[in-house]
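K.L.:
A single structure is presented below for examination.
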Amino acid sequence: MKILFCSSEVVPFAKTGGLADVAGALPISLEEQGQEIRVIMPLYRMVKNLGAKLEKLNQDVYSAKIGKDVTVYFLENKKFFDRDNLYVTKEGDYPDNLERFSFFCEKSLEFIKKIKFKPDVIHCNDWQTSLIPVFLKTKYKDDPFYSKIKTILTVHNLGYQGLFPKEKFSVLGLGDELFSINGLEFYGKVNVLKGGLLFSDYITAVSPTYAKEIQTKEFGAGLEGLLEKRKDMIFGIINGIDYSIWDPKKDELIFKKYDSESIASKYVNKTKFQQECGLKEDDKSMLLGMVSRLAEQKGVDILAQALPDILKLDMQVVILGTGDVKYHQILEAIARKFPKKFSLHLKFDETLAHKIYAASDFFLMPSRYEPCGLGQLISFKYGTLPVVSKTGGLVDTVKNFDIKTKKGDGFVLSDFTKKGFIDSMNKARAVFADKALLADLIKAVMLKDFSWNESAKKYIQLYKKVLSN
Ligand code: ADP
C-alpha cells in the first residue's frame with residue numbers, strides 16, 4: 075500500500091512531544107513491513123538549523139530520508155514556518171496558526187498531485203493535519219486524482235483541538251454551511267480537530283483505553299457526542315517506542331551504557347547525574363525523575379502539592395520540562411527550598427532527558443489524562459519504574475505492583491490526589507528498600523517489548539480495512 079503520513083512534527087527534525095516520536099518511528103516500522111510510505115511536514119527554522127542533509131526538490135519543497143528509505147518532504151513557507159518555535163511563544167499561540175496549518179494541509183495535497191504520488195491512505199495526526207480529510211471531501215471532491223484516497227486521523231491528544239475565532243473561518247475557503255453544528259463550528263468558534271473527526275474515514279486513538287475514554291463526558295473535551303456517533307469508526311492502537319533511540323545498551327547520551335545483565339552500571343548513571351546536577355551523591359536516596367510538558371494535563375499541580383512532603387523523606391527529585399509559566403514559578407519556589415534534593419530544568423533538552431531516564435530509580439507520570447504516554451515505556455527500557463495515574467495508555471501499559479503476589483511492573487496511584495500520590499511513593503519506597511526484589515523488578519521491566527512491530531501491524535490491518543470499505 076502507498077501511505078502518506080502527515081505530521082506537524084517528526085523526530086529527528088522537530089519535536090515538542092510524543093507526536094514527533096510516533097511520526098519518526100511508525101513510518102520506519104511500516105516501511106520494514108513492506109509498505110510504501112512517505113512523510114510530510116513543514117520546513118521549520120529548527121529543521122534548517124539542524125544541519126540535516128536536505129535535498130531541494132523544487133522551489134519550496136525539500137526532502138530527507140529516515141529509516142532505510144522513507145522520504146520525508148518539508149514544505150517551505152518562510153512567512154509561516156521560519157520561526158523560533160513550532161506553535162507557541164512565551165506570549166501564547168501564534169495568532170496565525172490556522173493560516174499556517176491550513177496552508178500546510180492544502181499544500182500537501184497539491185504537492186502529491188504535482189509529483190503524481192497517489193497514496194491509498196493519508197494518515198493524519200492531531201488538529202494540525204485535520205483539514206486534509208475536510209478539504210478532500212469538500213474542495214477537492216470532484217478532482218479524480220483524490221477520489222479514491224482514504225483518510226485516517228490519529229488523535230494523540232484531544233485536549234488540543236485547534237480552536238479559532240469564527241471570523242477566521244473564511245481563511246479555510248470552505249462553504250458557509252460548514253460553519254455549523256454538523257461542520258467545524260464549536261460553541262461559536264472554529265474547531266479544526268472536529269472537522270477531521272467528522273470527515274476522516276477512520277479515527278484512531280493512541281491506546282485502547284483512550285479510544286474508549288474520548289467517548290465519555292469526562293475525557294471527550296466537548297466532542298464526546300460526535301465521537302459516540304462515530305464509535306464504529308474509532309480504533310485504539312497503542313504507541314510503540316523506537317529502540318534505536320531509546321535503549322541504554324546503545325545510548326551515546328548517557329554516562330554509562332547498561333542492559334538488564336549489567337544493572338550495576340545504571341547506578342553509575344545515577345551517581346554521575348547527582349554530581350552533575352548538584353544533588354547530594356547518595357545511593358540510598360531514591361531518585362525520582364520526570365520529563366514532561368508542564369501542563370495541567372500532566373498532573374503538575376498534584377505533584378507540586380506532594381513535593382515538599384516527598385523532599386523531606388529520603389528522596390531526590392529531578393524535573394525536566396517546559397510549559398505553563400504558572401508551573402515554572404511553583405516549581406522554582408520549591409527548588410529554592412530544597413537545593414540539594416530537587417534539580418529543576420525548565421527547558422527542552424534531549425540529552426538531559428536520556429540522562430534522567432537512565433539515572434532515575436522511578437519515573438513520575440501523575441497525569442490527569444494520558445492518551446498513550448511514552449515516558450513510562452521509555453523508562454521501562456531504562457529499568458526505571460514508573461509511578462503513574464490510572465488513565466488512558468497508562469492503564470494499558472503499567473500494572474500496579476502488588477507486594478504480596480509480586481506481580482506488576484510499576485506503581486499506579488489509587489486516586490488522583492496528593493494523598494494518592496504519596497501513598498504510591500511509599501509503596502515504591504518499600505520496594506526500593508528490598509534490593510533483591512528491586513533488582514528482579516528492574517530486570518523484568520527492561521525486558522518488556524514495546525517496539526513498533528505489533529502496533530505497525532495493527533495500522534496495516536486498519537489501512538486494509540479502510541480500503542476495503
Ligand atoms: P506528550 O506527547 O503528551 O507531551 P508523551 O509522554 O507522549 O507526552 O511524550 C513526551 C515525549 O517528549 C517523550 O519522548 C519525552 O521524553 C519528551 N519530552 C517531554 N518534555 C521534554 C523536555 N523538556 N526535554 C526533552 N524531552 C522532553
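Just so we're aligned, residue 75 is where the sequence shown starts under the numbering used here, counting upward by one.
Glycine included, every Cβ here is placed at the ideal spot set by N, Cα and C.
Just so you know, these numbers come straight off a predicted model, no measurement behind them.
1. Say yes only if the C-beta of Phe422 is nearer than 6 Å to one or more non-hydrogen atoms of the ligand ADP, and no if none qualify.
2. Using 10 angstroms around the beta-carbon of Lys340, count the other beta-carbons present and answer buried if the total reaches 16, otherwise exposed.
3. At 4 residues or longer, and completely inside the stretch 130-176: list those alpha helix (DSSP H) runs for me, N to C.
4. With a 10 Å radius around its C-beta and 16 neighbouring C-beta atoms as the bar for buried, classify Ala338 as buried or exposed.
5. Can you give me the Cβ contacts of Arg157 inside the same chain, cut-off strictly under 8 Å, excluding the 5 residues immediately before and after it?
6. Hey, Val195 and Ile77: beta-carbon distance below 7 Å or not?
7. Check whether the stretch 312-329 and the stretch 478-486 are in contact - that is, three or more C-beta pairs closer than 8 Å.
8. Say the cut is 6 Å; is the CB of Leu394 nearer than that to a heavy atom of the ligand ADP?
9. With three or more C-beta pairs closer than 8 Å as the rule, is the stretch 195-205 touching the stretch 400-412?
10. Near Gly310, what residues of its chain come up, given a Cβ to Cβ distance below 6 Å and the 5 sequence neighbours on each side ignored?
11. When we look at the beta-carbon of Asn543 and count the other beta-carbons within 10 Å, is it buried (16 or more) or exposed?
12. Tell me the residue span of the beta strand (DSSP E) that contains Val280.
13. Whose C-alpha, out of Leu297, Thr225, Val229, is nearest the C-alpha of Asp275?
14. To the nearest angstrom, report how far apart Lys192 and Asp398 are at their CA atoms.
15. Along the alpha helix (DSSP H) that carries Tyr395, what are the first and last residues, could you check?
16. Pull up the DSSP beta-bridge partners for Leu515, would you.
17. Grab the span of the beta strand (DSSP E) containing Phe436 for me, first residue to last.
18. Could you pull out every unbroken beta strand (DSSP E) segment of at least 3 residues lying fully inside the stretch 426-486, listed in chain order?
19. Mind checking which residues open and close the alpha helix (DSSP H) that includes Thr345?
20. Could you give the DSSP three-state label for Met47: helix, strand or coil?
21. Is the CB-CB distance between Ala369 and Ile496 below 7 Å?
22. Compute every distance between the C-beta of Gly314 and the non-hydrogen atoms of the ligand ADP, then say whether any falls below 6 Å.
23. Which whole-angstrom value is the C-beta distance of Cys544 and Gly92, which I expect to be below 8 Å?
24. Taking C-alpha atoms, which residue in Glu241, Leu301, Asn151 lies nearest to Lys263?
25. Name the DSSP bridge partner or partners of Tyr276?
P.N.:
Taking the coordinates as given:
1. yes
2. buried
3. 152-155
4. exposed
5. Tyr118, Arg119, Tyr168
6. yes
7. no
8. yes
9. no
10. Ala279, Ser281, Pro282, Ala285
11. exposed
12. It is not in any beta strand (DSSP E) - Val280 carries neither H nor E in the DSSP assignment.
13. Thr225
14. 41 Å
15. This sequence places Gly at residue 395; Tyr is not what is there. Counting along the chain, Gly395 falls outside any alpha helix (DSSP H), though it belongs to the beta strand (DSSP E) covering 389-397.
16. DSSP output for Leu515 lists no bridge partner at all.
17. 436-439
18. 436-439, 459-462
19. 338-350
20. What is shown of the chain runs 75 to 543, which leaves residue 47 out entirely.
21. no
22. no
23. An answer regarding residue 544 cannot be provided, because it is not within the stretch 75 to 543 covered by the chain.
24. Glu241
25. Ile226
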